[in-house]
Amino acid sequence: MTEDLSPAERYAAARIRNALQATALAPFREMYEFGLDPFQIEACEALEAGKGVLVAAPTGSGKTIVGEFAVHLALREGRKCFYTTPIKALSNQKYADLASRYGNDKVGLLTGDNSVNADAPVVVMTTEVLRNMLYAGSQALVGLGYVVMDEVHYLSDRFRGAVWEEVIIHLPESVTLVSLSATVSNAEEFGDWLDTVRGDTAVIVSEHRPVPLWQHVLAGRRMYDLFEEETDHGGRGAAKREVNPDLVRMARMENQRTYNPRDRRRGKMAREADRERERRQRSRIWTPSRPEVIDRLDTEGLLPAITFIFSRAGCEAAVQQCMYAGLRLNGDEARATVREIVEERTASIPTEDLHVLGYYEWLEGLERGIAAHHAGMLPTFKEVVEELFVRGLVKAVFATETLALGINMPARTVILEKLVKWNGEQHADITPGEYTQLTGRAGRRGIDVEGHAVVLWQRGMDPGALAGLAGTRTYPLRSSFRPSYNMAVNLVQQFGRHRSRELLETSFAQFQADRSVVGISRQVQRNEEGLDGYREGMTCHLGDFEEYARLRRELKDRENELAKQGAAQRRAAAAASLEKLRPGDVIHVPTGKFAGLALVLDPGVPGGRANGHRGHAGVEYHEGPRPLVLTVERQVKRLGMIDFPVPVEPLERMRVPKTFNARSPQSRRDLASALRSKAGHIAPERHRKQRAAAADDREITRLRTELRAHPCHGCSEREDHARWAERYHRLTRDTRQLERRIEGRTNTIARTFDRIVALLSELDYLRGDEVTEHGKRLARLYGELDLLASECLRDGVWEGLGPAELAACVSALVFESRQSEDAVVPKTPSGPAKTALAEMVRIWGRLDALEEDLGINQAEGVGQREPDLGFAWAAYMWASGRGLDDVLREAEMPAGDFVRWCKQVIDVLGQIAAAPGSDGSTVTRNARRAIEGIRRGVVAYSSVG
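Residue numbers for the sequence shown, in our numbering: 729 to 1673.
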């Protein structure tokens, strides 16, 4: 109590209160109805003290408060603040939040699509926009005091992560950086790097969830707690959490075999009793359907909920299943409100497009309180779902994992159907970091007392593995930084080659690589100590056993080499035979899943290209020809060299009808029937094995003779010595590899930069420290295929093309197909556009060969991928003024994907129109006209890209 304090103590307390009131933090705290958490106060105080800050905290913990304090400081000091986000949806949302707090006159928005009040003191933007400003030396950077990088952990992103590091490295020293990240396990390491490149940086890590998270497994009619006692409520407390024994028993019981051979020795009645008991047990364990899950959660008051389904089609199917099951989560008043909001938000969509977009089915689901959310949806539709969910008018959302990385959409409950997802190459288990990211949506601060994460029971589930996912918070931040062509010319233009190289060596990627070298060096020292012991173990009193072991290895290596040569010769013979095939040849596939009679539809040989490049059909030829065939089982498949271990000869020839459609079951059935009739009776020739090359090899004969003549060959302990010698050899080899890794990790980024500069110099983009006119144009072309776009402009590939034809060509620079390599050849416009697309592929082939010569490796995220022609026809049709229904039907893609690709085409067209040195070019004029042709209808009224 104040009365109990002495006059001196009261005076001291008053001085502290006055000092606090004099800070910028005091009035800022009064702007919020709730009190700030300790980590928020600590970060804000560090920021006010002039330090940069890195805040790593769980999803929903309120770390954006720190970013908003930076905005508050900037306005108070009369300086600018840029608030960057990784995606346009987040930028739009943050702009709305800040504009409502500080007024529209003080807040602007820049996202590539939208430019609102760009000269405001506070501007929200995507990170790429700020990167482009820095390279262009924009006047908007004058007076910049603070930059907030929201979701800074995006720098781990394989495709876009480098942008974050570029911004951090190139921001002026006078700018204070506020980095906001999800909980990462190496926040201190990232903070150390920020301290190195940005100066004094405070690292504030909070692992406390403001809303406790409870973990469950739903099996049958019962909801099991994942942990027996969760005394730390999903946090990171020290309490030991044991897996629920009921779940362990259930998993053990389900994995037991239904039938045991020993049962034959038991009585029939005993066996029947056991089986009945097992049937009763199993009847309690099943994976509940999606409607059952939502209905169960509704009954228990656990809605609103987000169900993560790692498939767009699965999300749409889930909504349909709930509607067919008669689920209704909204009353009449809520339904009317939903309809009113939806009609208002979609009023600008032409009526004729509504049916194409599935509007009425979507609206019916929304009125019931059920919706899907994925990247294939129209952006406007996604925005409406987000708004209704936040307002409590949509209570069940079925979403792909992209929602976990996107806008603020917290729920009371998060459901995971499966713990496996497709990662682009294979079905893989989700990582602890991904699990944390997904379940982090559960629990709304200020609304829910607790959040709930529910995993649906699946056959073969291991409760222990699930507990490991739920209890681990390992989400390390790994740099994905790689130099690009655009980055190289921009750096050289600003700093020269030498200074640019030094700047790149300050990247987080190099920082991590240098730190990893310390551990490898220690391992090398341990290996060298082990080598001394192995050398002693292989010592032989009869002679030099190291020399004897070398002869044995040379003999083994020669035998392996000859075996490989034989296999290579067989592969070459098989490849040569495949290259002779023509459409209509009937062949016998010797092995593999599709072994048997087959009809060649496309030989799969690149026209005029060397193996190792890809042909016009988008098929990779690294492994030789890949014929597209129709099997007698009516399957159309593209085969590989693995299916042809021996040469193949045509057995017969057939005519392939021009009307044949590989996607038509009837067409495949008719042609397969004709194939059986034509060649079903023909037996394939058997391939004879040839004599092994090792039997006649002089080198092998010589080595065997020397081996038998060596003194150590007669040692009684020869094989013991040989085992020690083999260990010595393996450890020596491993040690050399470690030493090469140390060498390879030193200056890796700078070496890659040197290769890129060498290529740019060869193509006359750079002359020493001088950037040529071509280089200045490349400096304004941002994208994965920046160099290819620049080469096309330089060679005049797009001169004379109409706006729609230019749009088709530019689409190949941005589009990446989601279909498998078995997909048919994409349709492209005819005439000049077709010629230009073919020329683009030819130029890419030239660049690809040059990159290979200079050691620029696409597998490491550097270099130019092949242009993808899969969107060219859709872009051409849309830019030509065709209707949405026609375009979507021909493109065979969801409206959301179509809009997103159109936005990216518009972005690159804008760069081409504004590129230096293009004044007066027909390309510049037609690029602007193409933008006008594409920015219409669904593309124009979609505010989010």
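The beta-carbon is built from N, C-alpha and C at its ideal position, and this holds for glycine as well.
Can you tell me whether DSSP reads Leu1290 as helix, strand or coil? For the purposes of this step, residue 1290 is taken as residue 562 along the sequence shown, with counting starting at 1. Note: Leu1290 maps to helix in three-state DSSP.
Looking only at its chain, what residues have a beta carbon closer than 8 Å to the beta carbon of Gly763, apart from the 5 residues adjacent to it on each side? Indexing the sequence shown from 1 puts residue 763 at position 35. Around Gly763: Arg757.
Using only the alpha-carbon positions, how far apart do Tyr952 and Ala1124 sit? Along the sequence shown, one-based indexing puts residue 952 at 224. Along the sequence shown, one-based indexing puts residue 1124 at 396. If I take the Cα positions, the gap works out to 21 Å.
CB contact below 7 Å: Arg950 versus chain D: Included in the structure is just one protein chain, with no chain D present.
Going by DSSP in three states, Val1692 sits in which element: helix, strand or coil? Past the edges of the chain, shown from 729 to 1673, lies residue 1692, and the structure says nothing about it.
Rounded to the nearest angstrom, what separates Ala1302 and Lys1321 at their Cα positions? Numbered from its first residue, the sequence shown carries residue 1302 at position 574. Numbered from its first residue, the sequence shown carries residue 1321 at position 593. C-alpha separation (whole angstroms): 18 Å.
Simplified DSSP assignment, three categories, for Arg829: Position 101 of the sequence shown, counted from the first residue, corresponds to residue 829. Reduced to three states, the DSSP call for Arg829 is helix.
Using 10 angstroms around the beta-carbon of Thr1387, count the other beta-carbons present and answer buried if the total reaches 16, otherwise exposed. The residue given as residue 1387 occupies position 659 in the sequence shown. Result: exposed.
Own chain residues within Cβ distance below 7 Å of Leu1616, not counting five before or after: The residue given as residue 1616 occupies position 888 in the sequence shown. Counting only Cβ-Cβ distances below 7 Å, and skipping sequence neighbours, we find Val1084, Ala1623, Phe1626.
Using a Cβ-Cβ cut-off of 7 Å (strictly less than) and excluding sequence neighbours within five positions of Gln1639, which residues of its own chain qualify? Against the sequence shown, residue 1639 aligns to sequence position 911. The answer, listed in chain order, is Arg1508, Leu1509, Tyr1510.
Could you tell me whether the Cβ atoms of Asp1176 and Val939 are closer together than 7 Å? Stepping through the sequence shown from its first residue, residue 1176 is reached at position 448. Stepping through the sequence shown from its first residue, residue 939 is reached at position 211. Yes, these two residues count as a Cβ contact at 7 Å.
Alpha helix (DSSP H) containing Asp1614: first to last residue? Your numbering for residue 1614 matches position 886 in the sequence shown. Note, Asp1614: alpha helix (DSSP H), 1612–1619.
In whole angstroms, what is the alpha-carbon distance linking Lys1284 and Glu1257? Here residue 1284 corresponds to residue number 556 of the sequence shown, with the count starting at 1. Here residue 1257 corresponds to residue number 529 of the sequence shown, with the count starting at 1. Those two C-alpha atoms are separated by around 28 Å.
Indicate the three-state DSSP secondary structure (helix, strand or coil) for Tyr811 in the structure shown. Along the sequence shown, read from residue 1 onward, the residue named residue 811 stands at position 83. Looking at Tyr811 - three-state DSSP - the assignment turns out to be strand.
Taking the CB atoms as reference points, tell me whether Thr1027 and Gln1186 lie closer together than 7 Å. Along the sequence shown, one-based indexing puts residue 1027 at 299. Along the sequence shown, one-based indexing puts residue 1186 at 458. Going by C-beta atoms, Thr1027 is not nearer than 7 Å to Gln1186.
Since Asp1023 sits in a beta bridge, which residues does DSSP pair it with? Walking along the sequence shown from the start, residue 1023 turns up at place 295. DSSP, once it has assigned bridges, lists no residue as partnering Asp1023.
Going straight from the alpha carbon of Arg1404 to that of Val1360, what length do you get? Position 676 of the sequence shown, counted from the start, is the residue given in the question as residue 1404. Position 632 of the sequence shown, counted from the start, is the residue given in the question as residue 1360. When rounded, the distance between both Cα atoms is 7 Å.
For Gln943, which of Asp1514, Leu954, Arg1362, Met853 has the nearest alpha-carbon? In the sequence shown, the residue the question calls residue 943 occupies position 215. The option with the nearest alpha carbon to Gln943 is Leu954.
With the cut-off set at 7 Å, would you say Thr1128 and His1102 are in Cβ contact? Translated into positions along the sequence shown, residue 1128 becomes position 400. Translated into positions along the sequence shown, residue 1102 becomes position 374. Yes; because the gap between Cβ atoms is below 7 Å, this pair is in contact.
In this structure, how does DSSP classify Ala784 when only helix, strand and coil are distinguished? In the sequence shown, residue 784 corresponds to position 56, counting from 1. The answer is strand: DSSP assigns Ala784 an E or B state.
What's the call for Gln1297, buried or exposed, on a 16-neighbour Cβ count within 10 Å? Locating residue 1297 in the sequence shown gives position 569, where the first residue counts as 1. Flag for Gln1297 reads exposed.
Verify whether the separation of the beta carbon atoms of Ala1664 and Ala1641 is less than 7 Å. As a first step, residue 1664 must be located in the sequence shown, where it is residue number 936. As a first step, residue 1641 must be located in the sequence shown, where it is residue number 913. The amino acid at residue 1664 is misidentified as Ala; the sequence shows Arg. Not closer than 7 Å, so no.
Cβ of Ala798 within 7 Å of Cβ of Cys809? Taking the first residue of the sequence shown as position 1, residue 798 is located at position 70. Taking the first residue of the sequence shown as position 1, residue 809 is located at position 81. Yes, these two residues count as a Cβ contact at 7 Å.
In the structure shown, what three-state DSSP assignment does Asp1260 receive? Counted from its first residue, the sequence shown places residue 1260 at position 532. The answer is helix: DSSP assigns Asp1260 an H, G or I state.
Between which two residues does the alpha helix (DSSP H) harbouring Ala1407 extend? As a position in the sequence shown, residue 1407 is number 679, starting the count at 1. Unbroken alpha helix (DSSP H) run through Ala1407: 1393–1407.
Exposed or buried, Gly1188, counting other C-beta atoms within 10 Å across all chains shown (16 or more means buried)? By one-based count along the sequence shown, residue 1188 stands at place 460. Exposed.
If you drop the 5 nearest sequence neighbours on each side, which residues of the same chain put their C-beta closer than 8 Å to that of Leu1438? Residue 1438 sits at position 710 when you count from the first residue of the sequence shown. First, the amino acid is wrong: residue 1438 is His here, not Leu. The answer, listed in chain order, is Gly1271, Glu1275, Tyr1276, Leu1279.
In three-state DSSP terms, what is Cys1520? Stepping through the sequence shown from its first residue, residue 1520 is reached at position 792. Three-state DSSP puts Cys1520 in a helix.
Among Gly871, Gln1632, Ser884, Arg1381, nearest to Pro900 - alpha-carbon criterion: On the sequence shown, position 172 is the one that residue 900 refers to. Of Gly871, Gln1632, Ser884, Arg1381, the residue nearest in Cα terms is Gly871.
Can you name, in chain order, every residue of its own chain whose Cβ lies under 6 Å from the Cβ of Glu956, other than the five neighbours on each side? Residue mapping note: residue 956 aligns to position 228 of the sequence shown, counting from 1. Here the set comprises Glu970, Asn972.
Met1051 - DSSP class collapsed to helix/strand/coil: By one-based count along the sequence shown, residue 1051 stands at place 323. DSSP places Met1051 in helix when its eight states are reduced to three.
Would a C-beta distance cut-off of 7 Å place Val1633 and Trp1526 closer than the cut-off? The residue given as residue 1633 occupies position 905 in the sequence shown. The residue given as residue 1526 occupies position 798 in the sequence shown. Not in contact: Val1633 and Trp1526 (Cβ atoms no closer than 7 Å).
Examine the Cβ distances between the stretch 790–805 and the stretch 767–775 and report whether three or more of them are shorter than 8 Å. yes
Since Phe1209 is in the beta strand (DSSP E), which residue starts that stretch and which ends it? Taking the first residue of the sequence shown as 1, we reach residue 1209 at position 481. Run containing Phe1209: none; DSSP gives neither H nor E here.
Taking C-beta to C-beta, are Ala1536 and Asp1596 nearer than 7 Å? Walking along the sequence shown from the start, residue 1536 turns up at place 808. Walking along the sequence shown from the start, residue 1596 turns up at place 868. Taking 7 Å as the Cβ cut-off, Ala1536 and Asp1596 do not qualify as a contacting pair.
Just to confirm, are Val1666 and Val1542 a CB contact at a threshold of 7 Å? Here residue 1666 is taken as the residue at index 938 of the sequence shown, counted from 1. Here residue 1542 is taken as the residue at index 814 of the sequence shown, counted from 1. For Val1666 and Val1542, no; Cβs fall outside 7 Å.
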